[in-house]
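Protein chains in written order, with this note's numbering: chain U, 1477 to 1735; chain B, 1477 to 1735. Cβ coordinates follow ideal geometry from the N, Cα and C atoms, glycine included. Since the model is a prediction, treat every value here as computed from it, not as a measurement.
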DNA sequence: AAACACTATTCCGTAATACGAAACATGGAG
DNA sequence: CTCCATGTTTCGTATTACGGAATAGTGTTT
């Protein structure tokens, strides 16, 4: 409306499509007409057009219109083509140069995180992590906590129940209460710390890559031996890390951690 | 053009949108213009319109256009409203555990079935199927036959006429007579087999989820490589499959396949 | 059973809308 | 620096989508 360069019929068609997608049991021409303020015949014409393409379905008996599965098909194409690794590559490499430490990209799968990409720093990289495809539970890693901080509490609770929680090191959080407090802290700060919770002698700072809903399945971390990871160092890593995550999130069409 | 009631700008916009969804790394205006035969300024105008709504994303630096996440959002609305998926979730997961194979839920739409949910088994899952939103004709899939077996012959006949029947594999049934015989067998047994009719090397057993009238629009299948799908194996899958379908049917307020 | 009320669908004259040629930026290559 | 290629904006035009009104189709009331 206010927007200048917009094709009227397209705009109207998308209004209709969005209404149909959100309605549970479909809508009639009349209903759509009332809701959008468009003339009945206009609604009818636009819907017919979308019907022939499968974006909308018309119940022949009742003339109730619903969203068609074609949209889901397109959505699945998009998902398939979302090559996170590819889109994360450049931001990760820059983060690696800026920090001179090892950078990891992980994705959540079931109750674990899986390492899917890594950039190693110039200086004595910590070798222990490294293997692409390696898994760790969500609950005992910085990246896992960063991801879970974007999930609703109910889902985190379910996951906690399903997880076989055990102390990987003396620092691992094993109480659900303490874990929820920790997630609160992550949400407040915008990043998560792994303070030898997964592996002794290794500290890392991690941040999530949220999708368009603000929910994350991916995260990035910067890891280093504890000797190089003072609190001051972490404070200085925060900025570059969040910048990189925001870049990746945008490249994936998602939202950002910070405005 | 050939189609009667279709809004030109809409049709063109969807052409563009579909191309973008299928392209891995986005496309330029020029590419889209060449592909569709539309004038570049027309492409530009339509894309701008879709950009403001989030259906398309424009990389500011390179002016490469990609499909936006808005489509995924709409798709998720549709999925949320399809509560079949929700009601089928637990029975399908149990069926997956019991059989240790890939389980699919499909719905009929027009002359096709659409995959709407999937549970992958622990062992070497067959990846080829999988894409949620993917379509196949009713006539050449086990799930399709299971659904059609609940329809009156007249409707099956109409559908057969409207379908562009062709052999997907050497095993696909392409004669209407043979097809009706096959449906008789499905009705007698209570389940359908897909014996490499859709994809070579893959066998599956499928059963319908009938509504209160006994008519089905949904079906569930268990698929596996032919090596794991002997006749004995199929006999042993029958029980768990039918049980799962009955559970889902009851959850949806429908009738049951068996007493 | 007939008339009614309501909604979807089709028709068609009109002008607003989307179109596309061409001019104008922009940016990369040689 | 110039050229070339590609994206962006402008603007006059007629094609296209619009919407009022007529029609068909459904279910409901008296």
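Nonlocal neighbours in the same chain, by C-beta distance under 8 Å from residue i, ignoring five residues either side
i: residue 1556 of chain B; result: none
i: residue 1734 of chain U; result: Because the pLDDT at residue 1734 of chain U is just 46, under 50, the model does not fix this residue reliably, and the point stays unresolved.
i: residue 1535 of chain U; result: 1502, 1541, 1542
i: residue 1614 of chain U; result: 1584, 1587, 1588, 1589, 1620, 1621, 1623, 1624, 1635, 1639
i: residue 1512 of chain U; result: 1488, 1491, 1492, 1495, 1519
i: residue 1485 of chain U; result: 1522
Where residue i falls: helix, strand or coil (DSSP)
i: residue 1490 of chain B; result: helix
i: residue 1576 of chain U; result: coil
i: residue 1556 of chain B; result: helix
i: residue 1687 of chain B; result: coil
i: residue 1647 of chain U; result: coil
i: residue 1675 of chain B; result: coil
i: residue 1515 of chain U; result: coil
i: residue 1500 of chain U; result: coil
i: residue 1537 of chain U; result: coil
i: residue 1482 of chain B; result: coil
i: residue 1561 of chain B; result: helix
i: residue 1641 of chain U; result: coil
Distance between residue j and residue i (C-alpha atoms, nearest Å)
i: residue 1678 of chain B; j: residue 1576 of chain B; result: 15 Å
i: residue 1653 of chain U; j: residue 1633 of chain U; result: 10 Å
i: residue 1543 of chain U; j: residue 1553 of chain U; result: 18 Å
i: residue 1616 of chain B; j: residue 1656 of chain B; result: 13 Å
i: residue 1712 of chain U; j: residue 1681 of chain U; result: 11 Å
i: residue 1566 of chain B; j: residue 1629 of chain U; result: 21 Å
i: residue 1538 of chain B; j: residue 1498 of chain B; result: 19 Å
i: residue 1624 of chain U; j: residue 1503 of chain U; result: 37 Å
i: residue 1547 of chain U; j: residue 1641 of chain B; result: 25 Å
i: residue 1571 of chain U; j: residue 1583 of chain U; result: 18 Å
i: residue 1691 of chain B; j: residue 1685 of chain B; result: 8 Å
i: residue 1529 of chain B; j: residue 1611 of chain B; result: 27 Å
i: residue 1560 of chain U; j: residue 1728 of chain U; result: 7 Å
i: residue 1563 of chain B; j: residue 1724 of chain B; result: 6 Å
i: residue 1700 of chain U; j: residue 1626 of chain U; result: 25 Å
i: residue 1702 of chain U; j: residue 1533 of chain B; result: 41 Å
i: residue 1523 of chain B; j: residue 1483 of chain B; result: 16 Å
Endpoints, alpha helix (DSSP H) assigned at residue i
i: residue 1702 of chain B; result: It is not in any alpha helix (DSSP H) - residue 1702 of chain B carries neither H nor E in the DSSP assignment.
i: residue 1634 of chain U; result: 1629-1638
i: residue 1722 of chain B; result: 1707-1727
i: residue 1511 of chain B; result: 1505-1512
i: residue 1439 of chain U; result: Residue numbering for chain U in the displayed model covers 1477 to 1735; residue 1439 of chain U lies beyond these limits and cannot be assessed.
Which residues DSSP lists as bridging residue i, in chain order
i: residue 1669 of chain U; result: U:1681
i: residue 1532 of chain B; result: B:1543
i: residue 1581 of chain U; result: U:1593, U:1696
i: residue 1588 of chain B; result: B:1585, B:1613
Host beta strand (DSSP E) of residue i (start-end)
i: residue 1612 of chain U; result: 1611-1613
Own chain, CB closer than 6 Å to residue i, minus 5 neighbours either side, in chain order
i: residue 1668 of chain U; result: 1618, 1621, 1622, 1662, 1682
i: residue 1509 of chain U; result: 1516, 1519
i: residue 1579 of chain B; result: 1568, 1571, 1572, 1595, 1698
Neighbourhood of residue i by C-beta distance below 7 Å, restricted to the same chain and skipping five residues each side
i: residue 1558 of chain B; result: 1592
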